[in-house]
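Novice: Attaching a single structure in structure tokens format; questions to follow.
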Amino acid sequence: MTMMAMPRRALLVGAALLLAGGNLWWFMRGKQAPEPDFVLGTTWEQVEITADVLPSLPRFDVVHGAWSDRGRPISAIGDRVRPFHGDDVISELKPRSYLAIAIAADEGPQELRPMLLDLARASICDVAVVPDGMKPGPRSGVYVDIQHIVSVRDERGKAQDCIAAQRAAAPSSASR
76 MTMMAMPRRA
86 LLVGAALLLA
96 GGNLWWFMRG
106 KQAPEPDFVL
116 GTTWEQVEIT
126 ADVLPSLPRF
136 DVVHGAWSDR
146 GRPISAIGDR
156 VRPFHGDDVI
166 SELKPRSYLA
176 IAIAADEGPQ
186 ELRPMLLDLA
196 RASICDVAVV
206 PDGMKPGPRS
216 GVYVDIQHIV
226 SVRDERGKAQ
236 DCIAAQRAAA
246 PSSASR
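Numbering of the sequence shown is given in my numbering, commencing with residue 76 and proceeding in unit increments.
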């Protein structure tokens with residue numbers, strides 16, 4: 076072996092180790108993807124919102140943190156929750172109830188997160204969201220999917236799970 080081959084071999088081995096170390100660092104650096112502002116799931120169910128109901132759907136005012144109906148404040152958004160009477164159950168995730176709400180068509184995550192957080196805190200997890208501009212169909216209604224609120228980030232950045240309100244149980248035969 077010549078004197079020139081030794082330093083060249085050491086240089087090649089060093090370069091190979093440097094490349095292997097760089098690849099190892101790149102793939103093992105542990106960088107996590109940013110957490111989403113909110114997570115929605117689907118119930119695979121749709122509901123028809125009739126044309127006469129569309130103008131009175133509740134809207135959330137992000138500035139005031141309150142719900143309104145045609146500009147008038149709504150004291151308890153839970154009073155607007157409707158029972159779901161779907162004939163065809165597509166999945167076992169069928170909602171028992173839902174809240175139909177209206178949003179501006181251009182609302183983004185900054186406007187949706189506080190609205191969804193307010194609903195999650197009120198234990199309203201199933202919502203039918205009607206964006207402005209939806210036109211009623213031939214049977215005078217719009218069809219929208221019922222979305223399930225899974226979790227929403229609060230003001231501190233902590234994920235808040237949406238836990239649906241429990242219905243009062245029917246009297247059991249054991250209490251008779």
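Built from N, CA and C at the ideal position, the CB exists for glycine as well.
All figures in this text were calculated on a predicted structure; none of them were measured in a lab.
1) Going by DSSP, what residue range makes up the alpha helix (DSSP H) through PRO184?
2) Residue range of the beta strand (DSSP E) that HIS160 falls in?
3) Using a threshold of 8 Å, state whether the C-beta atoms of PHE113 and VAL219 are closer than that.
4) With DSSP as the reference, identify every bridge partner of ALA203, one or two as the case may be.
5) Considering only their Cβ atoms, is the gap separating SER172 from PRO158 smaller than 8 Å?
6) How far does the beta strand (DSSP E) with ARG104 in it extend, from its first residue to its last?
7) Taking DSSP as the reference, what is the three-state secondary structure of GLY216?
8) DSSP state of ALA141, grouped into three classes?
9) Tell me whether MET103 is buried or exposed, calling it buried when 16 or more other Cβ atoms sit within 10 Å of its Cβ.
10) What does a CB cutoff of less than 6 Å around ALA91 pick up in its chain, not counting 5 residues either side in sequence?
11) Would you kindly work out how many angstroms separate the C-alpha atoms of LYS210 and TRP100, rounded to a whole number?
12) Between which two residues does the beta strand (DSSP E) holding ALA234 run?
Specialist: Judging by the given coordinates:
1) 184–196
2) Counting along the chain, HIS160 falls outside any beta strand (DSSP E), and DSSP gives it neither H nor E.
3) no
4) Looking at the DSSP assignment, ALA203 forms a beta bridge with ALA175 and ILE221.
5) yes
6) Neither: ARG104 is in no beta strand (DSSP E) and is coded neither H nor E.
7) strand
8) Three-state result, ALA141: strand.
9) By the beta-carbon neighbour count (other beta carbons within 10 angstroms, threshold 16), MET103 is exposed.
10) none
11) Their backbone Cα atoms lie some 53 Å apart in a straight line.
12) 234–236
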